[in-house]
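K.L.:
Counting from 1, one number per residue, gives the positions in the sequence shown under the numbering used here.
Here a beta-carbon is modelled for each residue, glycine too, at the ideal position from N, C-alpha and C.
Small disclaimer: the values here were computed from a predicted structure and weren't measured.
Below is one structure. I have some questions about it.
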Amino acid sequence: MYKSPYLNRLLLKTKNQYPEQKEFIQAIEEFFEAMDLIVEQKPDIEANAILERLLIPERIVTFKVAWVDDANKVRVNTGYRVQYNSAIGPYKGGIRFDKSVNLSILKFLAFEQTFKNSLTGLPLGGAKGGSDFNPRGKSDNEVMRFCQAFMAELYRHIGPSTDIPAGDLGVGAREIGYLFGYYKKLKNEWSGVFTGKDVAYGGSLIRPEATGYGILYFTEAMLKVYFKSEIKGKRLLISGNGKVGSMAALKAHEMGALVVGMSDIEGYIYNPDGLDVDTIVKIARKQKTLRPQYLTVYPDTLSGEDVSDLWKMPCDIALPCATQDEINLESAKHLKANGCQLVVEGANRPTELPAIRYFNENSVLFAPGKAANAGGVAVSNLEMSQNATYLVWSAEEVDAKLKTIMQNIFKQCYETAHKYGQPNNLALGANIAGFLRVYKAMLAQGIV
Ligand code: 2IT
1 MYKSPYLNRL LLKTKNQYPE QKEFIQAIEE FFEAMDLIVE QKPDIEANAI LERLLIPERI
61 VTFKVAWVDD ANKVRVNTGY RVQYNSAIGP YKGGIRFDKS VNLSILKFLA FEQTFKNSLT
121 GLPLGGAKGG SDFNPRGKSD NEVMRFCQAF MAELYRHIGP STDIPAGDLG VGAREIGYLF
181 GYYKKLKNEW SGVFTGKDVA YGGSLIRPEA TGYGILYFTE AMLKVYFKSE IKGKRLLISG
241 NGKVGSMAAL KAHEMGALVV GMSDIEGYIY NPDGLDVDTI VKIARKQKTL RPQYLTVYPD
301 TLSGEDVSDL WKMPCDIALP CATQDEINLE SAKHLKANGC QLVVEGANRP TELPAIRYFN
361 ENSVLFAPGK AANAGGVAVS NLEMSQNATY LVWSAEEVDA KLKTIMQNIF KQCYETAHKY
421 GQPNNLALGA NIAGFLRVYK AMLAQGIV
């Protein structure tokens, strides 16, 4: 229950309208906790139905993707693009290929992306898309045929000043290449309509590293302000050894932290003296799993197949970088009991709401993904800027801009949390700061 009857009414309406969309409803529920502090102070919000308008994406495109596999069998998947909000810039957000993809997950991700993109301070609206297609185990040709069939519809709805997709789970350099190539062929134009492209054809240096590096820059800023301390010597647990987790591990290692535990879909590995990050990054680049690959090199490493057991290991900082809903209340209690002081979300909403509340009530500092993992989309914007001007920036230049953006995001979250009387509640700061910019833009643009 919120203080505000307006919010209670809206949540109930959303639950009744979309009872099956549990991820989307969870995202709204958490967001409304922050809105509860401002809706009464700012009557313009209710008077202009700002939240009602924010509960419905501006456009959802759903389409059939039919393709032929290597055995000549016809396959059919569902494709989606949720164009959530364009108040502050063109729609921007990743494409996810995973068997779990459905409208609830994409609406929740697009909703979160809207506020994440707002926090970057850059002109980027929010979107997300994808398909229930699973690229795992498919041949390159199958992935190419699927990507072309997907783009054969999506190309009508995107463009360099309309909607600029990027990668997400299951969509990496290979998929982006095929998607971009087919868009270019259909439109007969080379425009920076996709980000995360290879540097050979318009990609930005540091884009592959950006989300992971950004998380560490954000963590560094948190440690400095809240603990007057630095990352050197801190013990980290990182879940997920994909694009985000592996690059977070690399930056953490460079900064002198000890990556003591990591996990992926097959299980976890742990060494209290620190894992060998170079080996971990090599495994990630080959898209292999830690068990057995890491264990082949270091057979004495403690490991297990239950991924959630990672959160039972002692650490100072936890970086959940795999996917949504990885840390439940029980894992949150284990983390606290074993010394964890900081949880920084690398994935999109990996922490369940009861766990977030537990961290807040038990002095574990928590940073939400929409703030901490915004480095990826921020460097996507830098890629768009380079494409639009036909320039190429050096890795140092991009990295320095990324660092400044992450420090600014932290500052906004911290100052807003302070202003609203809960200085340790960075989720509250992120939600309010992200919302205010979108709200001001919506108000200025009238009822559209
Ligand atoms: O969740 C995310 O921020 C992304 N998948 C990256 C989005 C982007 O447009 O770079």
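Per DSSP, what are the beta-bridge partners of ASN338 in this structure?
P.N.:
By 1-based counting over the sequence shown, the position of residue 338 is 338. Beta-bridge pairing links ASN338 to no other residue.
K.L.:
Does the distance between the C-beta of ASP168 and the nearest non-hydrogen atom of the ligand 2IT fall short of 8 angstroms?
P.N.:
Sequence index remark: in the sequence shown, residue 168 carries index 168 (1-based). Yes - the ligand 2IT has a heavy atom lying nearer than 8 angstroms to the Cβ of ASP168.
K.L.:
In whole angstroms, give me the CA-to-CA distance for LYS440 and ILE50.
P.N.:
Counted from its first residue, the sequence shown places residue 440 at position 440. Counted from its first residue, the sequence shown places residue 50 at position 50. Spanning the two alpha carbons is a distance of roughly 10 angstroms.
K.L.:
Report the residue ranges of all beta strand (DSSP E) runs contained in full by the region 272-353; include only those spanning at least 3 residues, in chain order.
P.N.:
The beta strand (DSSP E) runs of length 3 or more contained entirely in the region 272-353 are, from start to end of the chain, 302-304, 317-320 and 342-344.
K.L.:
So, helix, strand or coil for VAL244, using DSSP?
P.N.:
If you number the sequence shown from 1, residue 244 lands on position 244. VAL244: helix per DSSP, three-state reduction.
K.L.:
Which value, in whole angstroms, describes the spacing of the CA atoms of ASP309 and VAL244?
P.N.:
The sequence position of residue 309 within the sequence shown is 309, counting from 1. The sequence position of residue 244 within the sequence shown is 244, counting from 1. When rounded, the distance between both Cα atoms is 20 angstroms.
K.L.:
I need the boundaries of the beta strand (DSSP E) containing THR78, first residue and last residue.
P.N.:
Position 78 of the sequence shown, counted from the first residue, corresponds to residue 78. THR78: member of the beta strand (DSSP E) spanning 74-85, first to last residue.
K.L.:
Given a cut-off of 9 angstroms on the beta-carbon distance, is the pair LEU124 and PRO90 in contact?
P.N.:
Taking the sequence shown and counting its residues from 1, one reaches residue 124 at position 124. Taking the sequence shown and counting its residues from 1, one reaches residue 90 at position 90. Contact flag set, yes.
K.L.:
Mind reading off the beta-carbon distance from ARG235 to CYS315? Whole number of angstroms is fine, and I expect it under 8 angstroms.
P.N.:
Locating residue 235 in the sequence shown gives position 235, counting from the first residue. Locating residue 315 in the sequence shown gives position 315, counting from the first residue. Right, their Cβ atoms sit about 5 angstroms apart.
K.L.:
Once you ignore the five residues that flank THR120 on each side, which residues in its own chain have a CB closer than 8 angstroms to its CB?
P.N.:
Here residue 120 refers to the residue found at position 120 of the sequence shown. The answer, listed in chain order, is ALA374, VAL377, ALA378, ASN381, ILE405 and ILE409.
K.L.:
Cutting at 7 angstroms between CB atoms, please list the residues of its own chain near TYR226, excluding the five before and the five after it.
P.N.:
Position 226 of the sequence shown, counted from the first residue, corresponds to residue 226. Correct list, in chain order: LEU365.
K.L.:
Cβ of SER380 versus every heavy atom of the ligand 2IT: is any distance shorter than 8 angstroms?
P.N.:
Here residue 380 corresponds to residue number 380 of the sequence shown, with the count starting at 1. Checking every heavy atom of the ligand 2IT against the Cβ of SER380, one is found closer than 8 angstroms.
K.L.:
With H, G and I counted as helix, E and B as strand and the rest as coil, what does DSSP make of ALA152?
P.N.:
Start at 1 with the first residue of the sequence shown, and residue 152 comes out as number 152. In the three-state scheme derived from DSSP, where H, G and I count as helix and E and B as strand, ALA152 is classed as helix.
K.L.:
Please report the Cβ distance between VAL307 and GLY267, rounded to the nearest whole angstrom; I am assuming they are in contact, meaning their Cβ atoms lie under 8 angstroms.
P.N.:
By 1-based counting over the sequence shown, the position of residue 307 is 307. By 1-based counting over the sequence shown, the position of residue 267 is 267. Their Cβ separation, rounded to whole angstroms, is 6 angstroms, which keeps VAL307 and GLY267 in contact under 8 angstroms.
K.L.:
What's the C-alpha gap between ILE238 and ASN48?
P.N.:
Translated into the one-based positions of the sequence shown, residue 238 becomes position 238. Translated into the one-based positions of the sequence shown, residue 48 becomes position 48. Their Cα atoms are separated by approximately 42 angstroms.
K.L.:
In the region 5-79, which residue ranges form an unbroken alpha helix (DSSP H) of at least 4 residues, counting only runs that do not cross its ends?
P.N.:
Listed in chain order, the complete alpha helix (DSSP H) runs (minimum 4 residues) inside the region 5-79 are 5-17, 22-35, 43-47 and 50-54.
K.L.:
Spatial neighbours of ILE452 within its chain, please: CB distance less than 6 angstroms, with the 5 preceding and 5 following residues excluded, ordered by chain position.
P.N.:
The first residue shown for the chain is 1 and the last is 448, placing residue 452 beyond what the model contains.
K.L.:
Answer yes or no: the CB of ILE176 versus the heavy atoms of the ligand 2IT, is any distance below 8 angstroms?
P.N.:
On the sequence shown, position 176 is the one that residue 176 refers to. Flag unset: Cβ of ILE176 not near the ligand 2IT.
K.L.:
Would the C-beta of ASN360 count as close to the ligand 2IT, meaning under 8 angstroms from any of its heavy atoms?
P.N.:
Within the sequence shown, residue 360 is the residue found at index 360, counting from 1. No, since every heavy atom of the ligand 2IT falls outside the 8 angstroms radius drawn around the Cβ of ASN360.
K.L.:
Taking Cβ positions, are LEU275 and TYR294 nearer each other than 9 angstroms?
P.N.:
As a working note, residue 275 is residue 275 in the sequence shown. As a working note, residue 294 is residue 294 in the sequence shown. Yes, the pair counts as a contact, with Cβ atoms nearer than the cut-off.
K.L.:
Is the Cβ-Cβ distance between ALA332 and PRO368 less than 9 angstroms?
P.N.:
Here residue 332 refers to the residue found at position 332 when the sequence shown is read from its first residue. Here residue 368 refers to the residue found at position 368 when the sequence shown is read from its first residue. Against a cut-off of 9 angstroms, the Cβ pair of PRO368 and ALA332 comes out as no contact.
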